[in-house]
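A.B. asks: For the sequence shown, the numbering used here gives the first residue as 4, with consecutive numbering after it. Glycine is no exception: its CB is placed at the ideal position from the N, C-alpha and C atoms. For clarity, every value in this text was computed on a predicted model and none was experimentally measured. Take a look at this one; I'll ask things after.
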Amino acid sequence: MTKNIYIVRHCKAEGQEPQAQLTTLGEMQARELVEFFKDYQIDRIVSSPYIRAVGTIEPYAQKYNMPIEIDRRIAERLMSKQLLSSWMDQLESQFPLADLNPIDRISSEDKRTRAVQAIQDIESRDEENTVIISHGGVIPLILDHYYSGSRFHRLTNPDVHLLTLDGKRTKVNRIWVP
């Protein structure tokens, strides 16, 4: 059976800490995602525990009366205990260094392993169409695992990639057009 996993980067948020809320723009983007996903027949929703990730998919989950399952394996890596104005540069600098341990003491390779295990767990289930909501520090690790060569590319807030797994072939396509 073909599995479609929609990998969503959260909408625009007020910061990078776990409790960061969506901005007003981010809330509007979350409502746009409801419209975006309306024809996809989503069977399951899995989210990072971070408030901005849950807030990204909450309008969809409420509209279609679906639970949001939390999976810490797709949570963002904590790069600093302070708000970083240059967080994208900090994140980008980590990708060539798989053994770099940021403040949360999780290396890129450890994070990749955990995130990919979450995807494999989704693949082993019966649901055909699953949405996962994650972060800019995790999604490139997942994409690189399934489509080597995408080491790092800038994602938008939000962003959506479709990972299609059919047992023989794997396809990754960016399906969000900002």
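From the DSSP output, in three-state form, read off V119 for me.
C.D. replies: Three-state DSSP puts V119 in a helix.
A.B. asks: Mind checking whether R75 and H13 have CB atoms under 7 Å apart?
C.D. replies: Not in contact: R75 and H13 (Cβ atoms no closer than 7 Å).
A.B. asks: Looking only at its chain, what residues have a beta carbon closer than 6 Å to the beta carbon of K174, apart from the 5 residues adjacent to it on each side?
C.D. replies: Taken in chain order, the residues that qualify are T167.
A.B. asks: If you compare alpha carbons, which of G29, E126, P62, T116 is closest to I142?
C.D. replies: For I142, the nearest C-alpha among the options comes from T116.
A.B. asks: For R47, which residues of its own chain have a beta-carbon under 6 Å away from its beta-carbon, when the five flanking residues on both sides are left out?
C.D. replies: Excluding positions up to five away in sequence, the list reads E130, T133.
A.B. asks: Run the CB neighbour count on Q24, radius 10 Å, all protein chains shown included, and call it buried at 16 or more, exposed below.
C.D. replies: Flag for Q24 reads exposed.
A.B. asks: From the DSSP output, in three-state form, read off K6 for me.
C.D. replies: Looking at K6 - three-state DSSP - the assignment turns out to be strand.
A.B. asks: Taking all protein chains shown into account, decide if T5 is buried (16 or more other Cβ within 10 angstroms of its Cβ) or exposed.
C.D. replies: Counting Cβ neighbours within 10 Å, T5 comes out exposed, since fewer than 16 surround it.
A.B. asks: Which two residues bound the contiguous beta strand (DSSP E) that contains V141?
C.D. replies: Note, V141: premise wrong, no beta strand (DSSP E); not H, not E.
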